[in-house]
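First residue of the sequence shown: 7, per our numbering; consecutive thereafter.
Idealized CB from N, CA, C, for every residue including glycine.
Only one structure is covered here, and it is reproduced in the block below.
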Amino acid sequence: MEIDLESLKDHGDLRVAINTGNRALVQQVDGGLRGVSPALARRLADHLKARMIPVLYSGAGPVFADADKDVWDVAFLAIDPIRARKVSFTRPYHRIEATFATRRGSPFSTPGEVDRPGVTILSSVGSAYDLWLKANLQHATLDHAATPGESFAAFRAGQGDVVAGIRASLHRAFSEDDEIEVMDGTLTSVDQAMVLPRPKDPRIAALDMFVEHSIADGFVADELEKSAR
Numbered sequence: 007m008e009i010d011l012e013s014l015k016d017h018g019d020l021r022v023a024i025n026t027g028n029r030a031l032v033q034q035v036d037g038g039l040r041g042v043s044p045a046l047a048r049r050l051a052d053h054l055k056a057r058m059i060p061v062l063y064s065g066a067g068p069v070f071a072d073a074d075k076d077v078w079d080v081a082f083l084a085i086d087p088i089r090a091r092k093v094s095f096t097r098p099y100h101r102i103e104a105t106f107a108t109r110r111g112s113p114f115s116t117p118g119e120v121d122r123p124g125v126t127i128l129s130s131v132g133s134a135y136d137l138w139l140k141a142n143l144q145h146a147t148l149d150h151a152a153t154p155g156e157s158f159a160a161f162r163a164g165q166g167d168v169v170a171g172i173r174a175s176l177h178r179a180f181s182e183d184d185e186i187e188v189m190d191g192t193l194t195s196v197d198q199a200m201v202l203p204r205p206k207d208p209r210i211a212a213l214d215m216f217v218e219h220s221i222a223d224g225f226v227a228d229e230l231e232k233s234a235r
């Protein structure tokens, strides 16, 4: 694995794209990064004897857009067949849920009720749940923001009928807002993986072994438990 992954380092540094908009995997605390994604990044850097350099993004769309710009060496993204045309994925290390938040008194109680004519859904462009919505919506209209945070702010300001997001991110965004509630039902499940910035990268097998080992030895489960506290 060392030989296969050694070329990931950029002159001794490992540049890791971190999507801070996905609160289920990344939390910014006291100027630092915690959560399973930063922990995996640090573990990989230690394995390679490299310095981990976080490259911070506020949404998944910009991470994917930068895949061919030589600004990151490894990233964390939801697995999607469209993205696979441009990047390589490991096996999933975690599955998270996406759903909607709505205003109290809304006629919607489950995600399946939202796809109606005249309904506007706020969404973060390029996110995994946004890709799912684009592929599956038949009646409702999508209104895009550049990042999850911007879509949440727009919803709080009165725009849209519902806002889509990762469940953990929605709860953190609206936990102190009595007028907004997160639906119990699931819009879609999203498998999260480590990523290399080109399709069919031969090094992905070695990175997949790293992920497999990190799951098998309990590292991923331990980090998820820590971030849930």
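Pair within 8 angstroms by beta-carbon distance, residue i and residue j
| i | j | result |
| --- | --- | --- |
| residue 50 | residue 69 | no |
| residue 196 | residue 135 | yes |
| residue 73 | residue 193 | no |
| residue 124 | residue 191 | no |
| residue 146 | residue 127 | yes |
| residue 233 | residue 110 | no |
| residue 137 | residue 85 | no |
| residue 202 | residue 93 | yes |
Rounded C-alpha distance that separates residue i from residue j
| i | j | result |
| --- | --- | --- |
| residue 198 | residue 213 | 14 angstroms |
| residue 52 | residue 221 | 17 angstroms |
| residue 121 | residue 101 | 24 angstroms |
| residue 108 | residue 187 | 6 angstroms |
| residue 167 | residue 116 | 13 angstroms |
| residue 163 | residue 48 | 37 angstroms |
| residue 90 | residue 83 | 11 angstroms |
| residue 229 | residue 56 | 21 angstroms |
| residue 223 | residue 204 | 28 angstroms |
| residue 159 | residue 76 | 31 angstroms |
| residue 216 | residue 148 | 37 angstroms |
| residue 22 | residue 46 | 10 angstroms |
| residue 38 | residue 64 | 15 angstroms |
| residue 165 | residue 13 | 46 angstroms |
| residue 43 | residue 36 | 17 angstroms |
| residue 150 | residue 139 | 11 angstroms |
| residue 218 | residue 185 | 42 angstroms |
| residue 179 | residue 206 | 36 angstroms |
Residue of the options minimising C-alpha distance to residue i
| i | options | result |
| --- | --- | --- |
| residue 112 | 189, 27, 145 and 205 | 189 |
| residue 62 | 25, 98 and 94 | 25 |
| residue 6 | 86, 97 and 85 | Any property of residue 6 remains undetermined from this structure, which presents the chain solely from 7 to 235. |
| residue 19 | 41, 59, 38 and 11 | 59 |
| residue 152 | 161, 114 and 130 | 130 |
| residue 133 | 157, 45 and 22 | 157 |
| residue 17 | 66, 206 and 78 | 78 |
| residue 169 | 114, 208, 219 and 35 | 114 |
| residue 208 | 138, 95 and 191 | 95 |
| residue 54 | 15, 161 and 232 | 15 |
| residue 27 | 233, 36 and 67 | 67 |
At least 3 beta-carbon pairs within less than 8 angstroms: the stretch 25-44 vs the stretch 167-175 = Under the three-pair Cβ rule at 8 angstroms, the stretch 25-44 counts as touching the stretch 167-175.
If you scan the stretch 156-202 from start to end, which runs of the beta strand (DSSP E) of 3 or more residues do you find wholly inside it?
-> Entirely contained in the stretch 156-202, the beta strand (DSSP E) runs reaching 3 residues are, in chain order, 168-172, 186-188 and 194-202.
Output the residue ranges of the beta strand (DSSP E) runs that lie fully inside the stretch 52-122 and measure 3 residues or longer, sorted by chain position.
-> You should have 57-63, 80-84 and 94-109.
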